[in-house]
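Taken in order, these protein sequences are the chains called A and B.
Just so we're aligned, residue 1 is where the first sequence starts under full-length UniProt numbering, counting upward by one.
Just so we're aligned, residue 1 is where the second sequence starts under full-length UniProt numbering, counting upward by one.
Below you'll find the structure, written out as structure tokens, and then a few comments.
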Amino acid sequence: MSRVDLTPAAADILSQLKAEHGPLMFHQSGGCCDGSSPMCFAKGDFIIGESDVLLGQIDGCDFWMSEDQFEYWKHTHLTIDVTPGRGASFSLEIPLGVRFLIRSRLFEMAEYEQLPPVHMGPLATQ
Amino acid sequence: METLELVETHVNRPKFRSHYDNYIGGKWVPPVGGEYFDNQSPVDGSLIAKMPRSKAADVDMAVDAAQKAFETWGKTSATERSKILLQIADVIEKNLEFLARVETVENGKALRETMAADLPLCVDHFRYFAGVIRAEEGSATELNADTLSLIIKEPVGVVGQIIPWNFPLLMATWKLAPALAAGCCVVIKPAEQTPTSIAVLFELLEGIVPAGVVNIVHGFGPEAGKPLAQHKRVNKVAFTGETTTGRLIMQYASENLVPVTMELGGKSPNIFMKSVADADDEFFDKCVEGAVMFALNQGEICTCPSRLLVHEDIYDRFMERVIARTKAIKLGHPLDPDTMMGAQASNDQYEKILSYIDIGKQEGAEVLTGGGPADSVEGGYYIQPTIFKGHNKMRIFQEEIFGPVLSVTTFKTPEEAVSIANDTLYGLGAGFWSRDAHELYTIPRQIQAGRVWVNCYHDYPAHAPFGGYKKSGFGRENHLMMLNHYRQVKNLLISYSKNKLGFF
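What follows is the structure in structure tokens.
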């Protein structure tokens, strides 16, 4: 049981980006213009802090969110999708004319109980 | 054809050039890599113009030009800078109707808003900062009979400014006017969703702003915005955007040890106390409009009053009027002067808003009106103004949707209203409405937000400071205090004593 998945279309974009930029990471943004959207960066470009939660990995990319935001999101399963668009942030897919976005669904109670605990703070390898 | 034109009620789409270039050192400069990207209008998906796809080399050129210009601009008199700011304001005012049409085509917002709010506010902000620097003074303090402390404000130098797409010209003005007034030179990276209107404005301003004082570099965030935010010769970065990019920009600023200001959005509560419904009068009508303000600019405002908190005793009476007023919002072609709500700024924004409407329904929030896409103009991105009823722990109450989506809940006591209002990660704006003279002061003081509108909403005068608490950022915009975010303090500590200290 995972907290984050991605659609085939998003997986396609992700593999293009990996070919160009190497290993990648995601950090879920909150607030404002291009916010409430997943941001895709070269792995290590965004410094993970003690206040970040690792929700899981998608196609080898860590998916992070700030702890306080996770409090309001933890009962929902997230699927990263992609849509034509321009975005306005430093997320790496923007020059391709597409933007990652999150689609959410509520966990069933049975699923929720099976979820593994999340990791807090930077990983030892980083 | 003529018949068709007769039934169209909207004003003319302005004519654009086929492409625009970067504005560097007072010249229109093609991007080093020679690439351009399409800027499409959210009104109908049509092409506006091709814009430069700039990269680090273009940013370097712009920073060089700004640094060179700063050698003289940083030393100009307040009189000279003020005169130039006033000239900018005059040009905007003279071309207001044209620029309003440009901004509407670029961003999708209704013409009545660009005509009545965006552009007039741009004019006023330039005039305000032109005015305040003429009246400003430093200070001289005699610390003792022989020692004088002079405090002189000096511009920080070259500022990198990253502009959002929701008010392309006004947000650029909020950053440009005080920076220029303070004596800084600027490199602007407009949002890639709305890059053209500022290029159009600076064509009109040619010959007014000295070469290199304002430089505009277009392009995508990861390719042009990031090198600007990381640049070693940029002395300050001003950012409006979201939390993750905000953190990234602070991370870059920490490498260069330069200051930043951050405006990072919100989830603003709009609180209506029981007394607002004591009479069905002009003020009650104002309150109803105040609640419907969530639809201004299609909800694409950092301070969108997206959480409506209503006293439970007046809920039915108040919401009946709010829903009726929301249903009366006229959607349509943004260039039609009667249209009240236009297009969302982009397809990805449109998709994101619909994904939030979906999660709201999944979480069990009740749709009171709206709840899906609207089909105002083919090819454009239109959404119905939507009201949900739910509770404050739902994601639609906690996340900035940046669309015309209102989440309403009730409270029983003032304490509960404050508690719900402050139960959010953000603290940018808030609204408080009451007829009770006592609580008009005491309750807003308890709300953790940088701007609390009391018995009003969405007013942005140049001389009222604006900015966030909590995760909405720090630093302020507008008001003369903004000048200090673009300056540093030089202290001359002068001794008039002829006697040595006696240590050595």
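No residue lacks a Cβ here, since even glycine has one placed at the ideal position from N, Cα and C.
Just so you know, these numbers come straight off a predicted model, no measurement behind them.
For this session: For my contact list, L228(B) and V59(B) are in at a C-beta cut-off of 8 Å; report their separation, rounded to the angstrom.
Result: Sure, about 5 Å apart at Cβ, within 8 Å.
Exercise. Quick one: Cα of I152(B) to Cα of E399(B), how far?
Worked result: Their backbone Cα atoms lie some 43 Å apart in a straight line.
Exercise. So which residues on chain A does L248(B) lean against when the C-beta distance must stay under 7 Å?
Worked result: Chain A residues near L248(B): F46 and F90.
Problem set entry | Contact list for the segment 290–320 of chain B against chain A, Cβ threshold 8 Å | So the list reads E300 and C302, given in the order they occur along the chain.
Exercise. Do you know whose CA, among L106(A), P84(A) and G30(A), lies nearest A9(A)'s CA?
Worked result: When each option's Cα is compared against that of A9(A), the closest is P84(A).
Exercise. Closer than 8 Å, CB to CB, is A191(B) near chain A or not?
Worked result: Closer than 8 Å: yes.
Problem set entry | Counted within 10 angstroms of its Cβ, other Cβ atoms place M1(A) as buried (16 or more) or exposed | Exposed, by the Cβ-count rule.
Problem set entry | Three-state secondary structure assigned by DSSP to K236(B) | In the displayed model, K236(B) falls within a strand according to three-state DSSP.
Problem set entry | Any C-beta of chain A under 8 Å from that of I359(B) | Chain A contact via Cβ: present.
Exercise. E5(B) by DSSP, collapsed to three states: which one?
Worked result: No answer about E5(B) holds up, because its pLDDT of 45 lies below 50 and its placement is not dependable.
Exercise. Who are the near neighbours of K69(B) in its chain, counting only those whose CB is closer than 6 Å to its CB and skipping five residues on each side?
Worked result: For the sequence presented, residue 69(B) should be read as Ala rather than Lys. Correct list, in chain order: C185, G212 and V213.
Exercise. Among P259(B), C304(B) and I88(B), which one has its Cα closest to the Cα of residue 150(A)?
Worked result: Past the edges of chain A, shown from 1 to 126, lies residue 150(A), and the structure says nothing about it.
Exercise. Going along the chain, which residues of its own chain have a beta-carbon closer than 6 Å to the beta-carbon of L6(B), five neighbours each way excluded?
Worked result: Reliability of the predicted coordinates at L6(B) is poor, the pLDDT of 45 falling under 50, and the value obtained from them is presented with this limitation in mind. Excluding sequence neighbours, L6(B) sits near nothing in its chain.
For this session: Return the residue from the list Q362(B), V260(B), G265(B) and N499(B) that minimises the CA-CA distance to V237(B).
Result: Looking only at Q362(B), V260(B), G265(B) and N499(B), the smallest Cα-Cα distance to V237(B) is reached by V260(B).
Problem set entry | Member of L501(B), F504(B) and F466(B) whose CA lies at the smallest distance from the CA of K175(B) | Answer by Cα proximity: F466(B).
Problem set entry | According to DSSP, residues forming a beta bridge with Y23(B) | Paired residues: W28(B) and I216(B).
Problem set entry | Extent of the continuous alpha helix (DSSP H) to which T243(B) belongs | Run containing T243(B): T243 to N256, per the alpha helix (DSSP H) assignment.
Problem set entry | Between the CA atoms of T9(B) and E2(B) - distance to the nearest angstrom | Its pLDDT being 40, under 50, E2(B) is placed unreliably in this model, and the value from its coordinates should be taken loosely. Between the C-alpha atoms of E2(B) and T9(B) there is a straight-line separation of about 13 Å.
For this session: Compile a chain-ordered list of the residues in the segment 231–258 of chain B whose CB is closer than 8 Å to at least one CB of chain A.
Result: Result list: T240, G241, E242, T243, T244, T245, R247, L248 and Q251.
Exercise. Span of the alpha helix (DSSP H) holding R317(B)?
Worked result: Unbroken alpha helix (DSSP H) run through R317(B): Y315 to K327.
For this session: Look at the Cβ atom of N39(B), then the Cβ atom of P31(B), and state whether they are nearer than 8 Å.
Result: Result no, Cβ atoms of N39(B) and P31(B) do not sit closer than 8 Å.
Problem set entry | Cut-off 7 Å between Cβ atoms - residues of its own chain near P195(B), not counting five sequence neighbours on either side | Non-local C-beta neighbours of P195(B) in its own chain, meaning closer than 7 Å and more than five positions away in sequence, comprise N39, M51 and H218, ordered along the chain.
For this session: Pick helix, strand or coil for Y356(B), following the three-state DSSP scheme.
Result: The answer is helix: DSSP assigns Y356(B) an H, G or I state.
Exercise. Is any beta-carbon of chain A found at less than 8 Å from that of E415(B)?
Worked result: Not an interface residue.
Problem set entry | Run of the beta strand (DSSP E) containing I152(B), from where it starts to where it stops | Segment T147 to P155, the beta strand (DSSP E) holding I152(B).
For this session: Go through its chain and collect everything with a Cβ distance to D124(B)'s Cβ below 7 Å, but skip five positions before and after it.
Result: Excluding sequence neighbours, D124(B) sits near A462.
Problem set entry | Sequence ranges, alpha helix (DSSP H) only - wholly within the segment 168–218 of chain B, length at least 4 | The segment 168–218 of chain B contains these whole alpha helix (DSSP H) runs: 168–182 and 196–204.
For this session: Going by CA-CA distance only, name the one from Y457(B), K352(B), V43(B) and L85(B) that's closest to G207(B).
Result: When Y457(B), K352(B), V43(B) and L85(B) are compared, the shortest CA-CA separation from G207(B) is found for L85(B).
For this session: Quick one: using the 10 Å Cβ neighbour count with 16 as the cut-off for buried, is G450(B) buried or exposed?
Result: It is buried - the Cβ of G450(B) has at least 16 other Cβ atoms within 10 Å.
Problem set entry | Limits of the alpha helix (DSSP H) - the one that P227(B) falls within | Taken as a continuous stretch (DSSP letters only), the alpha helix (DSSP H) holding P227(B) covers K226 to Q230.
Problem set entry | Element boundaries [beta strand (DSSP E), containing M482(B)] | First-last for M482(B): undefined, no H or E at that position.
Exercise. What is the rounded straight-line gap between the Cα of V91(B) and the Cα of A100(B)?
Worked result: If I take the Cα positions, the gap works out to 13 Å.
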